[in-house]
Amino acid sequence: MRKRIVQTEDGAPVADETYSDIYYSAQDGLRLHARLYGAGNGGLPVICLPGLSRNARDFHALAVLLSQKHGRRVAAFDYRGRGLSDYDPDWKRYDVAVEAADILAGLTVMGIEHGAFIGTSRGGLIAMVLAATRPAALKAVILNDIGPVIDGHGLAHIRSYLKRAPRPRNLAEAVVIQKAAHGDDFSALTDADWARFAEALYREKDGFLSPDFDPRLLKALQAIDLDQPLPALWPQFDGLAAMPLMAIRGANSRLLSAQTLAEMAARNPAMEQITVEGQGHAPLLETGDLPKRIAAFIRKAER
1 MRKRIVQTED
11 GAPVADETYS
21 DIYYSAQDGL
31 RLHARLYGAG
41 NGGLPVICLP
51 GLSRNARDFH
61 ALAVLLSQKH
71 GRRVAAFDYR
81 GRGLSDYDPD
91 WKRYDVAVEA
101 ADILAGLTVM
111 GIEHGAFIGT
121 SRGGLIAMVL
131 AATRPAALKA
141 VILNDIGPVI
151 DGHGLAHIRS
161 YLKRAPRPRN
171 LAEAVVIQKA
181 AHGDDFSALT
191 DADWARFAEA
201 LYREKDGFLS
211 PDFDPRLLKA
221 LQAIDLDQPL
231 PALWPQFDGL
241 AAMPLMAIRG
251 ANSRLLSAQT
261 LAEMAARNPA
271 MEQITVEGQG
281 HAPLLETGDL
291 PKRIAAFIRK
301 AER
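Take a look at the structure:
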């Protein structure tokens, strides 16, 4: 069990936050990790899937709120090669379909048959895969700054940044680096937001802070030909039509355009959509009124 003091969406401290570290084996034997908050809680569970190079820590503040204030179980995953999960000896298995199967294996270990899925960026793509392969597992979906059309220029920006990501000596230096790289896109973030953002990204190694993912993950990105249009995933998006759906977009997003979000809404008029001002790819879900709106959406989906 882990305990910390955190702040909820209204800035008030919440004590005795607890989560369990869950370790389990993938189908190929790789040792994977997830966090489980509120293990004894009832109601519709929440499954949190992070972005490409991110990890379960991104959802910490939101998971505390949903588990403690709203009484839900929350599972947040480290994909293979990220966070506390083992690195895959074959970088080609850093693949959305493989990671989707890993998520199902973890849910089985935790005894979670279905839930509301929150997918940030790559996590949203995994949710679309699961909607096609295991639709009964998804009772509601929140897509955080991801859609059926991915802007190739935005993906190139991510690839370029990850390729040259420096190694800071401490958290303060990490914050400076992150602000320099993303400050224009995230003008709305406070100093506390930046510190939380950076703390979730790095872990200490050899006296420095290193991004908490396998560097070979970049090989999977480099294998994508960004000179060609990326394939659109409208059939996969349409597979979410049978369940409650929310789409969140950062107003400054480089990956999800306003045009794509509008087309998503046109194809799924019941979809709830939120544009987050002063944030880019991808909005921090614990900021502003997002926690309240996410909690309300899940509560409504449960009815």
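Counting along the sequence shown from 1, when you hit position 58 you're at 58 in full-length UniProt numbering, and nothing is skipped either side. Glycine included, each C-beta is placed from N, C-alpha and C at the ideal position.
In whole angstroms, give me the CA-to-CA distance for residue i and residue j.
i	j	result
residue 92	residue 192	36 Å
residue 7	residue 291	With a pLDDT of only 43 at residue 7, under the threshold of 50, the placement of this residue in the model should not be trusted; the figure read from the coordinates follows. Rounded to whole angstroms, residue 7 to residue 291 spans 12 Å at the Cα level.
residue 160	residue 178	14 Å
residue 66	residue 142	14 Å
residue 42	residue 244	20 Å
residue 235	residue 64	34 Å
residue 112	residue 249	28 Å
residue 278	residue 251	6 Å
residue 240	residue 135	9 Å
residue 219	residue 155	14 Å
residue 57	residue 200	5 Å
residue 190	residue 287	10 Å
residue 3	residue 170	With a pLDDT of only 46 at residue 3, under the threshold of 50, the placement of this residue in the model should not be trusted; the figure read from the coordinates follows. In a straight line, the C-alpha of residue 3 is about 23 Å away from that of residue 170.
residue 84	residue 168	20 Å
residue 265	residue 51	23 Å
residue 90	residue 81	10 Å
residue 148	residue 261	9 Å
residue 55	residue 137	21 Å
residue 227	residue 133	30 Å
residue 221	residue 98	16 Å
residue 301	residue 71	15 Å
If I measure Cβ to Cβ from residue i and keep anything under 6 Å in the same chain, skipping five residues before and after, which residues do I get?
i	result
residue 253	145, 280, 281
residue 73	38, 41, 45
Could you tell me which of the options sits nearest to residue i, measuring between CA atoms?
i	options	result
residue 289	82, 135, 275, 97	275
residue 172	186, 194, 164	194
Which partner residues of residue i appear in the DSSP bridge assignment?
i	result
residue 211	202
residue 272	246
residue 140	116
residue 76	35, 48
residue 299	None; residue 299 has no bridge partner.
Starting from the C-beta of residue i, find all residues in its chain whose C-beta is less than 7 Å away, skip the five residues before and the five after it, and write them out in chain order.
i	result
residue 150	230, 255
residue 110	22, 36, 75
residue 174	168, 198, 202, 209
Going along the chain, which residues of its own chain have a beta-carbon closer than 8 Å to the beta-carbon of residue i, five neighbours each way excluded?
i	result
residue 166	177
### Query
What beta strand (DSSP E) runs, 3 residues minimum, are completely inside the region 10–60?
13–25, 31–37, 46–49
### Task
Entirely within the region 162–204 and at least 4 residues each: give me those alpha helix (DSSP H) ranges in chain order.
171–182, 191–201
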